[in-house]
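FYI, UniProt numbering numbers position 323 of the sequence shown as 323, with every residue one higher than the one before it. Backbone N, C-alpha and C fix where the C-beta goes; we use that ideal spot for every residue, glycine too. Take a look at the structure below.
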Amino acid sequence: AISMGGAEGGVMAAAAMQVLPPGFPKVIITPLASGVRPFGPFIGIRDIMVMHSLVDIAGINEISRTVFNNAAAAISGMVRSYRPMEVTSDNLVAITTLGTTDRALRFILPGLEKNGYIPVIFHSSGVGGQVMEDMIEKEFFCGVVDLCINELTDHLVGAYHDAGPHRLKAAGKMRIPQVVSTGCVDFFVQGARETIPEKWRERKMHYHNPKFTLIRTSESEMQVVGETAAHRLNQAKGPVTVILPLNGMSISGLEGGSTHDPEADRILFDTLRKGLRKDIHVIDAELHINEAPFADLVVNAFVALMSKEASASTLRQHSNKGDPDANRLQI
């Protein structure tokens, strides 16, 4: 699929491309594809290639002809090499992470792979969470390791990593096992320090890089995030384990770190313990999220959930023998 248009034409084409499957070639050429414009209206949650036309698309000249030829060559190359995805959900596992929990990921991935799973990593930066939730509903995955649910925090305060109102819902809806932790909930993301709104300037901060600042989540915000997470996990129709990293949820949340606030963290953990259903297993880990033993807990909890679910599935298959509607039961 290829489109050439301005604001209206580009957005209309992008809307149509949202229904095309991942991997299917998609290109949009538009004069609005410049660095000062938001790309969200064009890309959404799909793998769309967006090219800047340099000049207006009205009429053909040497500049536009060259750009359009490049776009045609790009889509031609994609079409020639395109192969539909052959994805099986039998062993694909969705995982969320951010840079401040990258060390945890390095420990978790080998553990999952050793047990026969193929990790698919999503950057929990707003659109990453949206893409993951969408792919869960499309049955790409057998389970989820939701290490970082920070997008709940950013949605609450209206920060950069806002994934919208449906985060932490799809896995429960689709009845697949999920291991959930609270990675990076202790901050939300804003831009460069000089752009931070006045209302947040007195908070603890971590200057992640010149373009992004991590702002400490308040006690009241932690309570709301805990209540939101508990409510959504309580709706899950599949098995859930929650693991709480009591010694810190991010690099800057370590003791002595720039966003360390143990009282606010305690409020989050207490809210989750009180709010979650009694049958949801909660593990209190006296560890930091980036420690190797914490990663071992995550992997072991996930493997245990998957093993338990496999046993339950086998039992259901035996009990449903002779039942003409048995194939409708998907748990």
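Along the alpha helix (DSSP H) that carries residue i, what are the first and last residues, could you check?
| i | result |
| --- | --- |
| phenylalanine 42 | 40-43 |
| leucine 112 | 102-114 |
| lysine 173 | 170-173 |
Using the beta-carbon count (16 or more within 10 Å), is residue i buried or exposed?
| i | result |
| --- | --- |
| alanine 264 | buried |
| glutamate 221 | buried |
| valine 79 | exposed |
| isoleucine 267 | buried |
| glutamate 8 | exposed |
| asparagine 290 | buried |
| serine 53 | buried |
| alanine 192 | exposed |
| arginine 167 | buried |
| aspartate 102 | exposed |
| aspartate 146 | buried |
| serine 76 | exposed |
| isoleucine 63 | exposed |
| arginine 151 | Per the sequence presented here, residue 151 reads as glutamate, with arginine not at that position. So glutamate 151 ends up on the buried side. |
| glutamine 18 | exposed |
| serine 3 | buried |
| proline 197 | exposed |
| proline 324 | Reliability of the predicted coordinates at proline 324 is poor, the pLDDT of 42 falling under 50, and no value is obtained from them. |
| aspartate 261 | buried |
Can you tell me which of the options puts its alpha carbon nearest to the alpha carbon of residue i?
| i | options | result |
| --- | --- | --- |
| phenylalanine 107 | Ala301, Ile45, Ala13, Asp296 | Asp296 |
| alanine 96 | Cys184, Thr153, Ser218 | First, the residue type needs correcting, since residue 96 is threonine and not alanine in the sequence shown. Among Cys184, Thr153, Ser218, the Cα nearest to that of threonine 96 is on Cys184. |
| aspartate 162 | Gly172, Asn300, Ile149, Asp261 | Ile149 |
| arginine 201 | Asp186, Leu214, Ala1 | Leu214 |
| proline 84 | Pro21, Gly253, Asp154 | Pro21 |
| isoleucine 280 | Ala74, Pro239, Phe269, Ser252 | Pro239 |
| alanine 171 | Leu32, Ala94, Pro165, Gly158 | Ala94 |
| methionine 306 | Ile283, Met132, Ser89 | Ser89 |
| residue 338 | Val157, Glu194, Thr195 | The chain is shown from 1 up to 331; residue 338 falls before or after that span and cannot be answered. |
| aspartate 154 | Pro31, Val224, Thr241 | Val224 |
| serine 218 | Asn91, Ile2, Val87, Thr259 | Thr259 |
| glutamate 133 | Phe68, Gly164, His288, Ile29 | Gly164 |
| glycine 128 | Ile45, Met49, Thr271, Thr182 | Ile45 |
What is the DSSP secondary structure of residue i, counted as helix, strand or coil?
| i | result |
| --- | --- |
| methionine 135 | helix |
| glutamine 18 | coil |
| methionine 306 | helix |
| serine 181 | strand |
| isoleucine 29 | strand |
| proline 324 | Caution is warranted here: a pLDDT of 42 is assigned to proline 324, below 50, making its placement in the model unreliable, and no coordinate value can be reported. |
| isoleucine 196 | coil |
| proline 269 | The displayed chain sequence assigns phenylalanine, not proline, to residue 269. Three-state result, phenylalanine 269: helix. |
| asparagine 70 | helix |
| leucine 214 | strand |
| methionine 205 | strand |
| threonine 228 | helix |
| proline 119 | strand |
| phenylalanine 24 | coil |
If you follow the beta strand (DSSP E) that residue i is in, where does it begin and where does it stop?
| i | result |
| --- | --- |
| isoleucine 60 | Element bounds for isoleucine 60: n/a, residue is neither H nor E. |
| proline 239 | Per DSSP, proline 239 belongs to no beta strand (DSSP E) and is neither H nor E. |
| valine 157 | That residue, valine 157, is in no beta strand (DSSP E); its alpha helix (DSSP H) goes 151-157. |
| aspartate 90 | Counting along the chain, aspartate 90 falls outside any beta strand (DSSP E), and DSSP gives it neither H nor E. |
| alanine 285 | 281-285 |
| glycine 143 | 143-148 |
| residue 332 | The question about residue 332 has no answer, for the chain in this structure spans 1 to 331. |
| serine 125 | Looking at the DSSP string, serine 125 is not in any beta strand (DSSP E), and its letter there is neither H nor E. |
| methionine 49 | 49-52 |
Would you say the beta carbon of residue i is closer than 7 Å to some non-hydrogen atom of the ligand COA?
| i | result |
| --- | --- |
| threonine 241 | For the structure depicted, the ligand COA is absent and the ligand set is empty, with no information on it obtainable. |
Any beta-carbon of chain B closer than 8 Å to the one on residue i?
| i | result |
| --- | --- |
| glycine 77 | In the displayed structure, chain B is absent; only one protein chain is listed. |
### Message
Any contact between the segment 170-183 and the segment 129-142? By contact I mean 3 or more CB pairs, one from each, below 8 Å.
### Response
Judged by Cβ distances under 8 Å, the segment 170-183 makes contact with the segment 129-142, as three or more pairs qualify.
### Message
Check whether the segment 225-239 and the segment 264-279 are in contact - that is, three or more C-beta pairs closer than 8 Å.
### Response
Enough Cβ pairs lie closer than 8 Å, so yes.
### Message
Can you confirm whether the segment 41-50 touches the segment 5-14 when touching is taken to mean that 3 or more C-beta pairs between the two stretches lie within less than 8 Å?
### Response
Inter-segment contact for the segment 5-14 and the segment 41-50 is present: three or more beta-carbon pairs are separated by less than 8 Å.
### Task
Could you tell me whether the segment 298-312 touches the segment 98-115, where touching means 3 or more Cβ pairs closer than 8 Å?
Touching, yes, given that three or more Cβ pairs across the two stretches are closer than 8 Å.
### Segment contact flag, the segment 119-126 with the segment 55-74, C-beta cutoff 8 Å, min 3 pairs
Touching, no, given that fewer than three Cβ pairs across the two stretches are closer than 8 Å.
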